[in-house]
Structure formats: C-alpha cells, structure tokens
Amino acid sequence: MLQPIEPAPDPTLPLGHPRDLGGPWHSEAACRSDEAGLFFAPSKEPTAARLSREEAAKRVCARCPVMLECREHAILQPEPYGVWGGMTAAERRVVLARRRRREVELQHAAPRIAAAG
Ligand code: SF4
Numbered sequence: 001m002l003q004p005i006e007p008a009p010d011p012t013l014p015l016g017h018p019r020d021l022g023g024p025w026h027s028e029a030a031c032r033s034d035e036a037g038l039f040f041a042p043s044k045e046p047t048a049a050r051l052s053r054e055e056a057a058k059r060v061c062a063r064c065p066v067m068l069e070c071r072e073h074a075i076l077q078p079e080p081y082g083v084w085g086g087m088t089a090a091e092r093r094v095v096l097a098r099r100r101r102r103e104v105e106l107q108h109a110a111p112r113i114a115a116a117g
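In the UniProt record's numbering, the protein residues as written are 1 to 117.
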C-alpha cells in the first residue's frame, strides 16, 4: 500500500495555515471559508485521494488574492506540510532547492565576474 507523502500535522499544535493565522495578508486568504481538511493530508490518505484533494486546494489558491504572499511565506519558512500558495510541500521543496542552488552558483560566479570586470 502506498504511503501518503505528507504526514498529517500534529493535532496538538496549531495548524498555522493562513486560515488560522492573523497576519497582514491572512485576513484576505480565500481558504478562510473553505473546508479545513482540504489543505492538509489526513493520515494514510490514498494517493488518488491525495492528488484529488490537492488539486481542489490548488483551485482555491488560484482564486486567492494573496497567493504570492502565501507561497513566498511557505517557501521561506519553510512550511513542511499542506498546500500553501497553490503548491504542495514537495513542490515548494523543489523551488527552495533550486533557489539555494542558484544562490551558490551566483556566489561562486561573483569573484570570477569581479576579476573579469
Ligand atoms: S494561497 Fe491558498 S493556502 Fe494561501 S492563503 Fe490563499 S487559499 Fe490559503
């Protein structure tokens, strides 16, 4: 049996999803009026159900006026679980890894560029 990629959040901790936060952009979150379970995986969620749930969550994010703020927050935090800013945790990890790789490349390139200039 396939295991869910994302474990369910610890129920003893606050969810910390935009719908539950009180920051400057959270009050405009489209997910404030949507089903709580849409954005986080329940334990032992079958893959097909997970994909379907994530697509439904992403549809909510697609109409959200603060999607970019939410996505950036979730990437930089980084938020380890759930759909934030129209991206799953796995998708955000890929973006973050690419950014970090790019930063390292730029740090290595800077001395060469300075020497050439
Ligand atoms: S982008 Fe998605 S997760 Fe983020 S606040 Fe909007 S609806 Fe919620």
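Note that beta-carbon positions come from the ideal geometry of N, C-alpha and C, so glycine has one too.
{"query": "Boundaries of the alpha helix (DSSP H) in which L68 is found, first to last residue", "result": "M67 to L76"}
{"query": "Identity of the residue in A41, F40 and P78 nearest R99 by Cα", "result": "P78"}
{"query": "Contact check, residue 199 vs A97, beta carbons under 7 Å", "result": "Outside the shown range of the chain, which is 1 to 117, sits residue 199, and nothing can be said about it."}
{"query": "Own chain residues within Cβ distance below 8 Å of R63, not counting five before or after", "result": "A30"}
{"query": "Residues sharing a beta bridge with W84, DSSP", "result": "M87"}
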